[in-house]
Each structure stands twice: as C-alpha cells, then as structure tokens.
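K.L.:
Mind having a look at this structure? Questions to follow.
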Amino acid sequence: MITEKERLAAILEHNNSGRPLCFCPGGMMNMIVTELMQQAGAEWPQAHTDAKAMSRLAAASYETGCFENIGVPFCMTVEAEAMGAKVTLGTKQFEPHIERYVIDSVSQWRQLPCADFHTGRGKVALEALIELKKKYPHVPIVGNLTGPISTAASLMEPTVFYKELRKKKEDAHNFLRFVTKQLISFANLQIEAGADVISISDPSGTGEILGPDLF
Numbered sequence: 077m078i079t080e081k082e083r084l085a086a087i088l089e090h091n092n093s094g095r096p097l098c099f100c101p102g103g104m105m106n107m108i109v110t111e112l113m114q115q116a117g118a119e120w121p122q123a124h125t126d127a128k129a130m131s132r133l134a135a136a137s138y139e140t141g142c143f144e145n146i147g148v149p150f151c152m153t154v155e156a157e158a159m160g161a162k163v164t165l166g167t168k169q170f171e172p173h174i175e176r177y178v179i180d181s182v183s184q185w186r187q188l189p190c191a192d193f194h195t196g197r198g199k200v201a202l203e204a205l206i207e208l209k210k211k212y213p214h215v216p217i218v219g220n221l222t223g224p225i226s227t228a229a230s231l232m233e234p235t236v237f238y239k240e241l242r243k244k245k246e247d248a249h250n251f252l253r254f255v256t257k258q259l260i261s262f263a264n265l266q267i268e269a270g271a272d273v274i275s276i277s278d279p280s281g282t283g284e285i286l287g288p289d290l291f
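Numbering-wise (the working numbering), the sequence shown opens with residue 77 and increments by one.
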C-alpha cells in the first residue's frame with residue numbers, strides 16, 4: 077500500500093498517485109481547531125513555545141484522520157520575532173501576531189539582528205520537527221516558512237514598507253536580501269530537522285497588494 081509520503085512524492089513528480097492527497101501545510105494554513113486541542117491535551121498558546129506540545133498538537137490532525145500530513149509551526153511570526161519584532165502569543169482563540177515593529181524604514185535594515193533559530197520559538201519548531209520525523213516516518217512532515225515580503229512587513233509598519241518599495245528601491249532590495257538570507261537559513265535548518273517539504277506563505281506579497289509592477 078502506498079504511504080502518504082509516497083503519494084505526495086508522486087504528486088510532486090507528476091506521477092500516478094492513485095488519488096489526491098488531503099493536505100494542510102500548517103503555518104498560515106494551519107489545521108488546529110479547539111476540538112483538536114482538547115483531544116491532544118495541548119493548547120495555544122502553550123504549544124507555540126513547547127516542542128512536545130507542538131508536535132502532539134500537530135500530529136493530532138493526522139491521528140484523527142483530518143489530514144494526511146503534519147505541519148509546524150502554527151503561525152507566521154517566528155521569523156520576525158527572531159529578528160527582533162515583539163510578538164504576543166495570542167490565546168486559544170487566535171494566533172500570535174506582531175505587537176511592536178523593529179525598524180521604521182527600509183533604510184534601517186542594518187539595525188536588524190541576524191536571526192538565531194537555535195533559540196526561542198525557532199528552536200521549538202525544529203525540536204518538534206525532529207520528534208515528528210522519528211514518530212511518523214511515513215507521513216509528510218511539512219516545515220513552514222513566512223515569505224520575505226510578509227516577514228519584512230512584520231518588521232516595520234507595512235504601509236510605510238510598501239511606499240518605500242518604490243521611494244527607496246535600493247534600500248528596500250537590500251532589506252529584502254537580508255530577510256531572505258535569514259529565511260533560507262531557517263528553511264535549511266527545518267530540512268535538517270526532518271521536514272520533507274517546505275511550505276512558503278507570503279500573503280503580504282500578492283499582486284493585489286503590491287500592484288502588478290512590483291509583483
């Protein structure tokens with residue numbers, strides 16, 4: 077019998093997979109509802125900062141037959157927090173969100189610290205991936221990454237950021253190069269920890285928001 081991981085590989089390689097895969101990556105598109113929290117014995121916001129709770133809660137969506145993959149983390153603020161943004165972890169009802177930005181202009185990008193994903197919630201996500209990979213070797217384990225535009229818009233006021241993409245092009249590009257470098261490092265660490273797939277969510281980088289030229 078084909079495993080979920082084999083089915084996903086077949087789909088990605090455009091081979092016969094037998095049927096579609098019921099897939100929910102995590103991150104922006106997370107699969108956690110209150111009933112799952114109750115069944116797993118792990119809840120937000122604890123599961124955002126505890127690797128065992130995170131892995132247990134993520135696995136619950138697979139164990140209960142909701143989806144055919146497992147994905148962590150459950151939000152889009154891990155990367156921005158690692159670069160200095162102040163984050164509130166939310167409650168059982170809503171996800172973490174940015175509470176305070178780090179810089180006021182793209183010109184200040186050099187003030188940003190290099191992200192250390194071996195500490196904080198980055199470390200929690202990596203430890204959860206390691207645990208999930210060991211326990212569910214036949215299930216697609218998905219690591220999640222916030223895209224560069226959305227991460228940049230979490231480090232400074234988004235409306236100012238969008239304006240400065242046009243007004244301060246060189247600094248904006250340098251800012252995005254720096255952010256992207258941090259994101260790539262996190263993606264590589266997630267792969268090393270056991271992620272089979274990296275899902276990138278960049279809802280702040282759509283054509284509707286940026287306009288066709290910048291997009």
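C-beta atoms are modelled at their ideal positions from N, C-alpha and C, and glycine is treated no differently.
Given this structure, state the Cα-to-Cα distance separating Lys243 from Ser181, to the nearest angstrom.
P.N.:
11 Å
K.L.:
Thinking C-beta only, is Glu207 closer than 7 Å to Ser131?
P.N.:
yes
K.L.:
Give the list of continuous beta strand (DSSP E) stretches no shorter than 3 residues that lie fully inside the region 179 to 266.
P.N.:
217 to 222
K.L.:
Can you find the residues in the same chain that come closer than 7 Å, C-beta to C-beta, to Val255, ignoring five residues on each side of it along the sequence?
P.N.:
Pro224, Thr227, Ala228
K.L.:
Compare the beta carbon distance of Val218 and Gly102 with 7 Å and say whether it is the shorter of the two.
P.N.:
yes
K.L.:
By the 10 Å Cβ neighbour count, where 16 or more other Cβ atoms means buried, how is Leu88 classified, buried or exposed?
P.N.:
exposed
K.L.:
Measure the Cβ-Cβ separation of Ser160 and Pro189 and say whether it is below 7 Å.
P.N.:
Note on identity: in this sequence residue 160 is Gly, with Ser being the wrong assignment. In this structure, Pro189 lies closer than 7 Å to Gly160 by Cβ.
K.L.:
Which of the three DSSP states, helix, strand or coil, is assigned to Glu284?
P.N.:
helix
K.L.:
Alpha carbon to alpha carbon, how far is Gln114 from Cys98? Give it in angstroms, no decimals.
P.N.:
About 22 Å.
K.L.:
Check whether the region 255 to 274 and the region 186 to 205 touch, using three or more Cβ-Cβ pairs below 8 Å as the test.
P.N.:
yes
K.L.:
For Val109, name the three-state secondary structure that DSSP assigns.
P.N.:
Correct three-state label for Val109: coil.
K.L.:
Residues in its own chain within less than 8 Å of Cys100 by CB, not counting five upstream and five downstream?
P.N.:
Asn106, Met107, Ser137, Cys142, Phe143, Asn145, Gly147
K.L.:
Helix or strand or just coil, what does DSSP make of His90?
P.N.:
The three-state secondary structure of His90, taken from DSSP, is coil.
K.L.:
Have a look at Glu139, Arg197, Met77, Ala201 and flag the residue whose alpha-carbon is nearest the alpha-carbon of Gly270.
P.N.:
Ala201
K.L.:
Please state whether DSSP places Arg176 in a helix, a strand or coil.
P.N.:
In the structure shown, Arg176 sits in a strand (DSSP, three-state: E or B).
K.L.:
Can you give me the start and stop residues for the alpha helix (DSSP H) that Lys162 sits inside?
P.N.:
Where Lys162 is concerned, there is no enclosing alpha helix (DSSP H), although the beta strand (DSSP E) it sits in stretches over 162 to 164.
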